[in-house]
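In my numbering, the protein residues as written are 8 to 376. By construction, the Cβ of each residue, glycine as well, lies at the ideal position given by its N, Cα and C atoms. Below you'll find the structure, written out as C-alpha cells, and then a few comments.
The following block contains the structure:
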C-alpha cells in the first residue's frame, strides 16, 4: 500500500502528537474550540437580516412644503433656468458743470440757459443689472417681469455745492436708455410697458424677428398664493446674482402685521438677483407654483471720509495727507434678510395696467401660459 506525501506527513504529525501525550491533545482541542466559536460568530453575523431604514415621506396636505424634496428636481430647475434672462440697463446723460457763483434757476432751465451758464459738459452713464423673467410669449412678442429699480433711471440729476444746499454744481439730463436682455433672438428694442415704483415692478416687451417656428420658454407654472406660505416654507429663486445664473434655496419668514405685499426669506441676495422668480412646492415635485419675484436685500448706509477723486491716485500712503477731504456714503448689503414682491401684488399690477398692456399687443389671458 502506497501513501502520498501529504498523507505521510499527516500521519507523522499525528504520531508525534500522540507521543507527547494527552497534554498536547487537550491543547489542540482547546484551539479547535476557539476556531469553532469564531466561525460561529462570523456565521451568525453574516446571516443576520440587514437593517432597513425607511425614508419618511410627507403625505399630501395641500400646503406648501417645508421639508426638502425626496425626489430629484434638477429637470424642473433646468426648465426654469431657460425662462430667466440676464438684464443689463444703461442710461446716458449729458452732464453740465457750473461755477460756484452761478445763479442758475432750475425752474427756468432751457438749452440757451445751459449754453450761456455752463462752464463745461460731458456725456456720462449709469448702469444697473438684474434678472428678467419671461412670463409671456405669443406672436413673436415676449413679455418679461422685472423690478422697477432695475429699469427706472431719473430724467434729471442735480448735484449742488455746499453739501446740497448751494448753487447747482452739475446738472445731468438723460439722453437715452438701452435695455439689453441676453439670450433672446434678434428683434426690436426692449421697452418698458408698465412700471410701478412703489411696489418695485416693471413689465418689459420685445418684439422678435421671425423665430423660424422656435418658441420661447415661458415660466408657465401655476400662479400660487403667497398668503399661504408659512414659517419655514421652502422656496427656490433662479436668477443672475453678480451676473451668474444660479439657483438659491431659502426659508420663508412671516412676521405678523408686516409686509402685506411682500414676504421675507433668508436668501443671500447679491446685486443682479432683482426680478428673479420665487417658487414654492405644494405637495412634492413637480408641483412648483410662482409665489413672487425677488426684489431687494436689507442694506445699511456707511459714511466715510475720502480724499478728492482727482488727488486719490497720487496719494502717498506713507505720508500725512493734507488735501481736501469729503464725506461719502456707501450702501452695504445686510445678507440673509431679503424681500420678495408677492404674486398677489404682481397680478394686481398686471390688472391695473391692463389697458396699457393690451395697447402694446399683449393678450392678458396668455400670461404665465
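Asked	Found
Own chain residues within Cβ distance below 6 Å of residue 179, not counting five before or after	100, 102, 164
According to DSSP, residues forming a beta bridge with residue 288	295
Beta carbon of residue 346 nearer than 8 Å to that of residue 302	yes
Residue 225, DSSP secondary structure in three states	coil
DSSP-derived helix/strand/coil call for residue 77	coil
Straight-line gap, residue 176 to residue 169 (C-alpha atoms, nearest Å)	9 Å
Residue 374 - partner residues in DSSP beta bridges	Note: residue 374 sits in no beta bridge, so no partner.
Burial state of residue 81, where buried means 16 or more other Cβ atoms lie within 10 Å	exposed
Counted within 10 angstroms of its Cβ, other Cβ atoms place residue 186 as buried (16 or more) or exposed	buried
Nearest-angstrom Cβ-Cβ length linking residue 215 and residue 201, presumed shorter than 8 Å	No, residue 215 and residue 201 are not in contact; Cβ-Cβ is about 20 Å, not under 8 Å.
Which of helix, strand or coil DSSP assigns to residue 37	Bear in mind that a pLDDT of 45 at residue 37, under 50, signals an unreliable position, so the number given afterwards is only what the model happens to contain. Here residue 37 sits in helix by DSSP.
Cβ neighbours of residue 147 in the same chain (closer than 8 Å, five flanking residues each side left out)	194, 214, 215, 216, 217, 218
With 16 other Cβ atoms within 10 Å as the buried cut-off, status of residue 205	exposed
Range covered by the alpha helix (DSSP H) that runs through residue 362	361-366
Contact belief for residue 226 with residue 364 at Cβ below 8 Å, rounded distance in angstroms	Going by Cβ atoms, the distance from residue 226 to residue 364 rounds to 17 Å, so no, they are not a contact pair.
Buried or exposed (CB count within 10 angstroms, at least 16 for buried), residue 90	buried
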